[in-house]
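Counting from 1, position 90 in the sequence shown corresponds to residue 90 in full-length UniProt numbering; the numbering is continuous, with no gaps.
Virtual Cβ for every residue (Gly too), placed ideally from N, Cα, C.
Source: prediction; values computed, not measured.
For reference, the structure is listed below as C-alpha cells.
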Amino acid sequence: MASENPKTPEAAIAAGRQHYGAKRFKPALEQFTRAMKLCPCTRQTRRERCSCKDFEKVAQEGGSIFNEAMYTCKCPVGKTFNKCDNKHHIQALDYRAATWEALQELDRARRDAEWILELAPRLPDGYLRLGKIARLQKKHEFAWHVYTAGIEVGNKHQLAESPKFQKLHSARQPLHVRYYRRDPLRNPREIVQRIFQYLDFATIVRCLHVSKDWRQYLTSRGNERFWRALLFTRQFPHRYAPSTASLKKLISYSGNDVRQIVIDSVLRFRLTQQKLNTLLQGSKNLESLVLRGNIEEDLQIPMANGFFKKINRVFLDEILVGKPHILEPLLTQASESIHNLHIRGLPQVGTTTTFGFPSLPNLQYLRIEEQNKPNPIRLGIWTIAAGAPRIRQLWLSDVQLSGRQPEDTELDEFWPNLNVVIVNGSTDSDPETAETIQKLASIRQGDTLQYVDFDFRWKYDEQGPLGLRMLSNMLNQEPATMDSDEFNQGNQYKNLHSLRLTRALIPPSQLQAVLSDAIEARKLHTLDLVFPLEPFGTPQGSISVEHLRKHAWLRSAESIRCLGIFEFRFRSYPKNDDDLPLPSFLATFPNLEVIEINSAHYEGPEFGTVIEAILKVTHLRKIYQTTVQGIALDQLRGLAAKYNVELVWGERPRQWPLPIEE
Numbered sequence: 001m002a003s004e005n006p007k008t009p010e011a012a013i014a015a016g017r018q019h020y021g022a023k024r025f026k027p028a029l030e031q032f033t034r035a036m037k038l039c040p041c042t043r044q045t046r047r048e049r050c051s052c053k054d055f056e057k058v059a060q061e062g063g064s065i066f067n068e069a070m071y072t073c074k075c076p077v078g079k080t081f082n083k084c085d086n087k088h089h090i091q092a093l094d095y096r097a098a099t100w101e102a103l104q105e106l107d108r109a110r111r112d113a114e115w116i117l118e119l120a121p122r123l124p125d126g127y128l129r130l131g132k133i134a135r136l137q138k139k140h141e142f143a144w145h146v147y148t149a150g151i152e153v154g155n156k157h158q159l160a161e162s163p164k165f166q167k168l169h170s171a172r173q174p175l176h177v178r179y180y181r182r183d184p185l186r187n188p189r190e191i192v193q194r195i196f197q198y199l200d201f202a203t204i205v206r207c208l209h210v211s212k213d214w215r216q217y218l219t220s221r222g223n224e225r226f227w228r229a230l231l232f233t234r235q236f237p238h239r240y241a242p243s244t245a246s247l248k249k250l251i252s253y254s255g256n257d258v259r260q261i262v263i264d265s266v267l268r269f270r271l272t273q274q275k276l277n278t279l280l281q282g283s284k285n286l287e288s289l290v291l292r293g294n295i296e297e298d299l300q301i302p303m304a305n306g307f308f309k310k311i312n313r314v315f316l317d318e319i320l321v322g323k324p325h326i327l328e329p330l331l332t333q334a335s336e337s338i339h340n341l342h343i344r345g346l347p348q349v350g351t352t353t354t355f356g357f358p359s360l361p362n363l364q365y366l367r368i369e370e371q372n373k374p375n376p377i378r379l380g381i382w383t384i385a386a387g388a389p390r391i392r393q394l395w396l397s398d399v400q401l402s403g404r405q406p407e408d409t410e411l412d413e414f415w416p417n418l419n420v421v422i423v424n425g426s427t428d429s430d431p432e433t434a435e436t437i438q439k440l441a442s443i444r445q446g447d448t449l450q451y452v453d454f455d456f457r458w459k460y461d462e463q464g465p466l467g468l469r470m471l472s473n474m475l476n477q478e479p480a481t482m483d484s485d486e487f488n489q490g491n492q493y494k495n496l497h498s499l500r501l502t503r504a505l506i507p508p509s510q511l512q513a514v515l516s517d518a519i520e521a522r523k524l525h526t527l528d529l530v531f532p533l534e535p536f537g538t539p540q541g542s543i544s545v546e547h548l549r550k551h552a553w554l555r556s557a558e559s560i561r562c563l564g565i566f567e568f569r570f571r572s573y574p575k576n577d578d579d580l581p582l583p584s585f586l587a588t589f590p591n592l593e594v595i596e597i598n599s600a601h602y603e604g605p606e607f608g609t610v611i612e613a614i615l616k617v618t619h620l621r622k623i624y625q626t627t628v629q630g631i632a633l634d635q636l637r638g639l640a641a642k643y644n645v646e647l648v649w650g651e652r653p654r655q656w657p658l659p660i661e662e
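This is how it looks when you write it as C-alpha cells:
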C-alpha cells in the first residue's frame, strides 16, 4: 500500500501512529525512522547522533544541561549537521522514543530522548521525554534536573506560558519537594569549604550527624581548620556536657592543633582537671583562651614544656574569684607570647594583689574588671607595671587601686608607650584609687596618651560631684594637697585624640588649657562636655547657656567628629537661639558626624524637640540617646531618617582594644 511507503514526514508519522495504536511496534519504529530521514536537515544522508554529550554527568556536577546540548561536541556530527527544530523531525523522534518505552527498551528510548535535546535544546519535547525515561529508570534526581533545566530554558526564552512548558512544571512537582535542596557537598570543593566557613562551631558539630558523607568530608585531611577553634558558646543542659572522649575526638579532627578555646560556662561544661589536660595537650599552638564562670572542682594549670608558647590572648571571667592560683602558672608559661590579658572578677582574699604577675615583656593590652566585691582588695597596679613595661592600653572597671610604687622607682619610668586609659565604676569615692588614676594620667605629662575615657559613678552633695573634684585635680591643675615633686604639673595632652568624660564636669577654661595643643594639631576627634547643675533660684537655662558660651574656643574645630553632650538644661519653650544655643553650637563643627546626647533634666517629648532642632541645622550621621523612649522614639526615628540620620537608643559602644593611630 501507498501508506506503507510514504513520501512525506507527515504521512510516515501518521502511519507509524496507526501501527503503534495497534501495538505493531516494529512497523511503527520503521515509519518513525522513515519520517526522520525525510527531514531536510539530513541532506539526503544518514544523520548520526552526537556521542560527546553526557547529560547525567553534567547534572551530577551541577552543570548546565542546556549548555551541554547546545555547545558540547567534538565529533564530526557537530561540524556536518546543524541544529534542527523541524516539527515533524522532533515529533517522529519523540514517537520513536515512546515506542521503545512500550517495548521496555529504556536505554534506546533514552538515547532518542537525548537526541531530541541535541537537535532542539530550546524546545520542551526533549526535556519532557528524557525526564520521563529517567523516572522509569528510577533516576529521580536526574529527572528533576532535566525538568528544571527545561523550565529554566522556557523562562529564559519567554516560552513559560506554552502548554508543553506547563507540563514540565507538572512533571517536576512530585520531585521538587525532595530534590530542590541540593546537597552542598556536590558543589565544587572550594564552594563547599566557603559554605562551611560561614557556620559556627556548634553547627559544624551538628553537621557531623547529617550523613556518613558529611562526617567523612568534615573530618577528612585538609579540613582541620574547621576544628581549630573549639567554641563552646551555646547554652546546653548540664547533662549534655561534652565528655573527655568527645573532646579527644574533636581535637583529633584538628590534627591535634587547636588554636582557640572558648568555654562560656565552665559549670555547664563540667570542666574537670582531666578535660582541661585533654584540651591543653591538643593545643600546643593555642593562641586564644577564654574561660567564663566558676566551678567547685579544684583545677591546676599543668607546668609542661610546650604549653602556651604561642598564646596571644587570655580572658578569664569570674574563674579567678575561687581559683586565683591558676593565673600565675598560666602567665609564667605564656610570658613571652601574651599580648592581650582580660580579667573579670578578682579574688576575694587578702588586701592587696598583683595576681603573682610574672614578667610579661610583650603584654600590650590589660583589662581588669571587678563586679561583685563583698571583700574588695586593692590591685597593685605599679607592681604590675614594673613587670609589664610595654602596656599600651589599660582598662580598669570598678577596681580599687593601691598607690604603692616599688622602691627606687619614678612615675615616668612606667609605661612609656601608654596610649589608652579607660577607667569606669565607683572609684571616685576612694581617695587612694583616685590618686593612683591621677598618676596614670600624668605619666610623662600625658604626652603619650591618645585616648582617655573616665566614666565614674558620682553623687551630688553640697560640694558637687565627687568625680568632679578628683578630675579637676587630674586634668592640668596643681593638686593643692600633694607634694609638687610627686606629680608632673601642667599636663599637656598634645597627642590626645579622644577625651570621654561622660559624668565628670571640667571647667571650660581648664579644658581649653588641656586640649589646645591637640585641637591646634587637628588630632582631637572625640570630646565629651558635661554641664553643671543649676543652683536653686537661678533662671532656668541660664547656667547651661553660660557654660556653653565659655566653650566658644571650641567652636568650628575641624578635627572634631564625635561629641558627647550631657546633663544640660535650657529654657523650656525656647523662642530663639539665645534660649537654645546648642543646635547652632553643634552646627559650627564642619566634620561632626556622631553625637551622644542625654540629660536627666528633660522629659522625653521635650528632649525630642531639642534633637529635632539639632537635626535641622547639622549634617550628622548618627545620634545616640536614652532620654526619648516608646512611641516618641519611633516618631523621632522617622524624623531623623528624613535627614539621613540614624537614631540609636543607647550609649556609644566602647571598642577594645582600640585602633591606635601611629
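1) Below 8 Å CB to CB, which residues in the same chain sit around Q492 once its five sequence neighbours on both sides are set aside?
2) Can you check whether the CB of I295 is closer than 8 Å to the CB of V266?
3) Would the beta-carbon of I338 fall within 8 Å of that of L346?
4) Select from E161, R344, H619 the residue whose C-alpha is nearest the C-alpha of Q371.
5) Taking the Cβ atom as the reference point for each residue, do residue 665 and R129 lie within a distance shorter than 8 Å?
6) Which residue or residues does DSSP assign as beta-bridge partners of I251?
7) Applying the criterion that 16 or more other CB atoms from any shown protein chain within 10 Å of the CB defines a buried residue, is A35 buried or exposed?
8) Quick one: which unbroken beta strand (DSSP E) runs of 3-plus residues sit fully inside the segment 211-245? Chain order, please.
9) Under the three-state reduction of DSSP, which class applies to E287: helix, strand or coil?
10) Beta-carbon within less than 8 Å of E462's beta-carbon, same chain only, minus the 5 sequence neighbours each way: which residues are those?
11) With respect to the alpha helix (DSSP H) encompassing N256, which residues constitute its N-terminal and C-terminal limits?
12) Tell me which same chain residues have a C-beta within less than 8 Å of the C-beta of T8, skipping the five on either side of it?
13) Is D94 near the ligand COA, going by C-beta to nearest heavy atom under 7 Å?
14) Which of helix, strand or coil does DSSP assign to E462?
15) Using the Cβ count rule (16 or more neighbours within 10 Å means buried), how would you classify P174?
16) Would you call the CB atoms of F414 and I377 closer than 8 Å?
17) What distance in whole Å lies between the Cβ atoms of I660 and N362, which are believed to be in contact at a cut-off of 8 Å?
18) Assuming the contact rule is C-beta atoms closer than 8 Å, F454 and L529 should be a hit. Round their C-beta distance to whole Å, please.
19) State yes or no: is the C-beta of S335 within less than 8 Å of the C-beta of L316?
20) Beta carbon of T233, beta carbon of V205: below 8 Å?
21) Is the CB-CB distance between V258 and S283 below 8 Å?
22) Tell me which residues share the same chain as A388 and place their Cβ nearer than 6 Å to its Cβ, disregarding the 5 neighbours each side in the sequence.
23) Please go through the same chain and pick out, in chain order, the residues whose beta-carbon is closer than 7 Å to the beta-carbon of A229, but skip the five residues on each side of it.
24) Which ranges would you report for the beta strand (DSSP E) in the segment 478-548 if only whole runs of at least 3 residues count?
25) Tell me the DSSP bridge mates of S397?
26) Quick test of your reading: S254 and W227, contact by CB under 8 Å. State the CB separation rounded to the nearest angstrom.
27) Have a look at the DSSP bridge pairing and note the partners of V314.
28) Count the C-beta pairs between the segment 105-116 and the segment 131-149 that are closer than 8 Å, then say yes if the count reaches three, no if not.
29) Nearest-angstrom Cα distance between K57 and R637?
30) Per DSSP, which residues does Y643 bridge with? Please list them.
31) Using a Cβ-Cβ cutoff of less than 7 Å, which residues in the same chain neighbour L289 once the five nearest sequence positions on both sides are dropped?
32) Which residues bound the alpha helix (DSSP H) around Y71?
33) Ignore the nearest five residues each way along the sequence and tell me which others in T148's own chain have a CB closer than 7 Å to its CB.
34) Who are the near neighbours of A640 in its chain, counting only those whose CB is closer than 8 Å to its CB and skipping five residues on each side?
35) Kindly indicate which three-state DSSP category E161 falls into: helix, strand or coil?
36) Report the three-state DSSP secondary structure of W649 (helix, strand or coil).
Let me lay it out:
1) Q445, G446, D447, N476, V514, D517
2) yes
3) no
4) R344
5) Summary: the structure shown does not reach residue 665, with the chain confined to residues 1 through 662, and so no result is reported for it.
6) DSSP lists no partner for I251.
7) buried
8) 229-232
9) coil
10) Here the model assigns E462 a pLDDT of 33, short of 50, so the residue's position is not dependable and the matter cannot be decided.
11) Counting along the chain, N256 falls outside any alpha helix (DSSP H), and DSSP gives it neither H nor E.
12) L38
13) For the ligand COA, the structure offers nothing, since it holds no ligand at all.
14) Low local confidence applies: a pLDDT of 33 at E462 is under 50, so the model's placement there is unreliable, with the coordinate-based value given in what follows. Here E462 sits in coil by DSSP.
15) exposed
16) no
17) About 16 Å separates the two Cβ atoms, so there is no contact after all.
18) Not quite, the Cβ-Cβ distance comes to about 14 Å (not below 8 Å), so this is no contact.
19) no
20) no
21) yes
22) L360, L363
23) F201, R259, Q260
24) 498-500, 526-530
25) E369, N424
26) 4 Å
27) L289, L341
28) yes
29) 55 Å
30) Beta-bridge pairing links Y643 to no other residue.
31) I261, I311, V314
32) 65-71
33) R172
34) I611, L615, I623, E646, L647
35) coil
36) strand
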